[in-house]
Every structure is written in structure tokens, then in C-alpha cells.
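Asker:
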Amino acid sequence: MQKKISVFLITALLIAGFSLINLQQSTAGAAEVGTEIGMKAPDFSLTNLNDQKVNLSDYRGQKVFLNFWASWCPPCRAEMPDLEKLNQKYGAEVAVLAVNIGESKSTAANFIMENKLNLPVLLDIDKKTAQNYLIRAIPTTYILNEDGIIVEKTFGALSYQSMLKLTGIEE
């Protein structure tokens, strides 16, 4: 009887040990979703100015320059020419996504047209994505690596040189 109990306990411990190792291996490398550096950026689905749905997860495998802005915001307006330049020169290396917060499609489109910009603009009309990203001030920029992990986060207008530095691009 003692032998059966011992065999049962050893078997149970082995199964529990292998299960724990398997669980640790399956969660290794899976970053927690959040808005801090080192976390996986929350996915979203927004509409662009051409009424097409765009998911952040569509850009896995690419660096992403994720910028939250509004047309009424002076610092946002000031950085737009540099954001356009980054997109024009390095759009193949880093996906530039300009998320307009709380404005109508026509307001965002008019701003883009008046300023002769060709940025990929996504519309967060209901501000839910901005809320998920805990946006408190604009412009706010997140830099994501190829795995969707936040590697940089900054508030305020950025110069072109700052954009290059944040994305790791050397001219």
C-alpha cells in the first residue's frame, strides 16, 4: 500500500512539474498589454480618411511611429511638416500613423489638404483609442518595435531630428 501511495505521489509531482514548465514556456516572451515602455501596445481598429479599417496589428513586423494629434493643437500643427518629412523619406522603414483625436473626418481631411500633407491619418472620433492609450496631452508619440512593443513614449512636439533619434534612423 505504501508503495502505491509513493508511486502515485511521485507521478502527481512529475505531472505538476511538467505542467508548470510548459506553462512558463508558453507565456515566455509574451509581453503584457499596456501603455508603458516594454509593454505590448494595445491593438485598435480605426478608419482612415478613405473609409478603410486599419488595425495596429496590421503593422506587426514593422517599426511604428504612432502619433496622437488634433488640428486645433498648436504643437501638433507645428510638428506636422516634420512628421510628413519622416513619412516621405523613411515610410518604408517605419510606419507613420497619425491618429486624429475627437475630430470629424471632414475637419481632419481639411487640415491635411490645406497643409498639403500625405500622412496616413486614422480617425479616433469617439476618443476610445486615446483613452486606451491614456492620452492626457497632445501630441503624444509612441514608438513600437517590430513586435508591437513600446520602446519609446514622448509628449509634446518633436523636431525632425528628434523623430529620427526616437526611431533609430541615422541620416
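Residue numbering for the sequence shown is -30 to -1, 1 to 141, as defined by mature numbering (1 follows the signal peptide of the UniProt record, and there is no 0). All residues carry an ideal CB built from backbone N, CA and C; glycine is no exception.
Consult DSSP for tyrosine 103 and reduce its assignment to one of helix, strand or coil.
Answerer: In the sequence shown, residue 103 corresponds to position 133, counting from 1. Coil at tyrosine 103, not helix or strand.
Asker: Determine the direct distance from the alpha carbon of alanine 68 to that of methionine 133, and round the result to whole angstroms.
Answerer: As a first step, residue 133 must be located in the sequence shown, where it is residue number 163. As a first step, residue 68 must be located in the sequence shown, where it is residue number 98. Those two C-alpha atoms are separated by around 13 Å.
Asker: State the start and end residues of the unbroken beta strand (DSSP E) segment that holds lysine 123.
Answerer: The sequence position of residue 123 within the sequence shown is 153, counting from 1. 120 to 125 is the span of the beta strand (DSSP E), which, as asked, contains lysine 123.
Asker: In or out: alanine 1 buried (at least 16 other Cβ within 10 Å) or exposed?
Answerer: Taking the sequence shown and counting its residues from 1, one reaches residue 1 at position 31. Counting Cβ neighbours within 10 Å, alanine 1 comes out exposed, since fewer than 16 surround it.
Asker: Three Cβ pairs or more, each shorter than 8 Å: is that satisfied between the region 95 to 105 and the region 50 to 63?
Answerer: no
Asker: Take lysine 48 as the anchor and find which of Tyr103, Thr137 and Tyr130 has the nearest alpha-carbon.
Answerer: The count along the sequence shown starts at 1 and reaches residue 48 at position 78. Reading off the sequence shown, one finds alanine at residue 48, where the question assumed lysine. Ranking Tyr103, Thr137 and Tyr130 by Cα distance to alanine 48 puts Tyr130 first.
Asker: Would you give the residue range spanned by the alpha helix (DSSP H) that tyrosine 130 belongs to?
Answerer: As a position in the sequence shown, residue 130 is number 160, starting the count at 1. Annotation for tyrosine 130: the continuous alpha helix (DSSP H) segment containing it runs 130 to 137.
Asker: Say the cut is 6 Å; is the CB of isoleucine 113 nearer than that to a heavy atom of the ligand NAP?
Answerer: Within the structure as shown, the ligand NAP is missing, as the structure has no ligands at all.
Asker: Go through its chain and collect everything with a Cβ distance to glycine 126's Cβ below 8 Å, but skip five positions before and after it.
Answerer: Numbered from 1 along the sequence shown, position 156 holds the residue referred to as residue 126. Take glycine 126, set aside five residues on each side of it, and the residues of its chain with a beta-carbon closer than 8 Å to its own are Pro45, Ala107 and Pro109, in chain order.
Asker: Would glycine 118 pass as a contact of lysine 10 if the rule is Cβ separation under 7 Å?
Answerer: The count along the sequence shown starts at 1 and reaches residue 118 at position 148. The count along the sequence shown starts at 1 and reaches residue 10 at position 40. Inclusion of glycine 118 and lysine 10 in the CB contact set at 7 Å is warranted, their separation being smaller than that value.
Asker: Below 8 Å on the Cβ atoms is my contact criterion, and I expect phenylalanine 35 with valine 64 to pass it. Report the Cβ-Cβ distance as a whole number of Å.
Answerer: Your numbering for residue 35 matches position 65 in the sequence shown. Your numbering for residue 64 matches position 94 in the sequence shown. Rounded to the nearest angstrom, the Cβ distance from phenylalanine 35 to valine 64 is 5 Å, consistent with a contact under 8 Å.
Asker: Could you tell me which whole beta strand (DSSP E) segments of length 3 or greater appear in the region 26 to 52?
Answerer: If we require 3 residues or more, the beta strand (DSSP E) runs fully inside the region 26 to 52 come out as 33 to 39.
Asker: Measure the C-alpha to C-alpha separation of glycine 72 and asparagine 37 and round it to an integer number of angstroms.
Answerer: Sequence index remark: in the sequence shown, residue 72 carries index 102 (1-based). Sequence index remark: in the sequence shown, residue 37 carries index 67 (1-based). C-alpha separation (whole angstroms): 14 Å.
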